[in-house]
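Each residue of the sequence shown is one higher than the last, beginning at 19 in the numbering used here. For glycine and all other residues, C-beta sits at the position ideal for the given N, C-alpha and C.
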Amino acid sequence: MFRIFSLLIGYFIGCISMGFIVGKITKTDLRKKGSGNLGTTNALRVLGFRAGLATFLGDILKGVIAFFICRWLFPDNSLLAGVYAGAGAVLGHDFPFYLQFKGGKGIAATIGLVLSLSFVFTPMIGLITFGVGIICVAFSHYISVGSIAFSISIPLSGFFLGMPEEGVALFIALAVLAIWRHKENLKRLKSGTENKFTLHKSV
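What follows is the structure, given as structure tokens:
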């Protein structure tokens, strides 16, 4: 039962769309600009560094808050409850019910979940997965490449670091979801039209 409650709690926390909120503050609907995505990358490209950073940090916080709330609510299954809540936050971020289920791609919320695991499980999972993502962005200059590599590295590193099998399975599902959410990026990468990572003038 804790699994269902954790997913639901995480989902409603994840539905707080920072890209939508930042867009409202700047009077810009990110769903109608750039890639049409409510995540960090589109906020950064359309609205600039400060707006992108606010979106990024806010979405990370969703994963952290969901994790620790459910870890506290379900102490007998604290690690798995936190992971389920974090997965729910990713789902809420990707598919917010009040925005016609059109949200972001879930990477920042996943970062928040991995940060939380770094504190209560092992810091190695953060060092490995963040390292993979950063290195891939640095060499490819594509955020999408780093995001996908980061997502895939989580269940792999979790498996070798001794994460419970159920947690590894959840992260496999999140990695598949992340790849699917980046399907348009993958098409652009294949055709050579994907935008490389650049910082626009801040707003």
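Excluding the 5 residues flanking it on each side, residue 182 has same chain C-beta neighbours closer than 8 Å at 97 and 98, in chain order. Assignment of alpha helix (DSSP H) within the segment 165-221, counting only whole runs of 4 or more residues, yields 183-199 and 201-209 in chain order.
The beta-carbon distance between residue 121 and residue 35, rounded to whole angstroms, is 6 Å. This is short enough to meet the 8 Å contact definition. The alpha-carbon separation between residue 194 and residue 134 amounts to approximately 21 Å. Boundaries of the alpha helix (DSSP H) harbouring residue 112: 96-112, taken from the DSSP string.
Taken through DSSP and simplified to helix, strand or coil, residue 116 comes out as helix. The criterion of a C-beta distance shorter than 8 Å is satisfied by residue 207 and residue 160.
CA-CA distance, residue 165 to residue 125, rounds to 7 Å. Out of 212, 51, 137 and 54, the CA that lies nearest to the CA of residue 100 is found in 137.
In the displayed model, residue 91 falls within a helix according to three-state DSSP. The beta carbons of residue 28 and residue 104 sit closer together than 8 Å. Using a Cβ distance threshold of 8 Å, residue 51 and residue 64 count as a contacting pair. In summary, residue 73 is buried, with 16 or more beta-carbon neighbours lying within 10 Å of its beta-carbon over all protein chains present.
DSSP places residue 60 in the helix class (H, G or I) of the three-state scheme.
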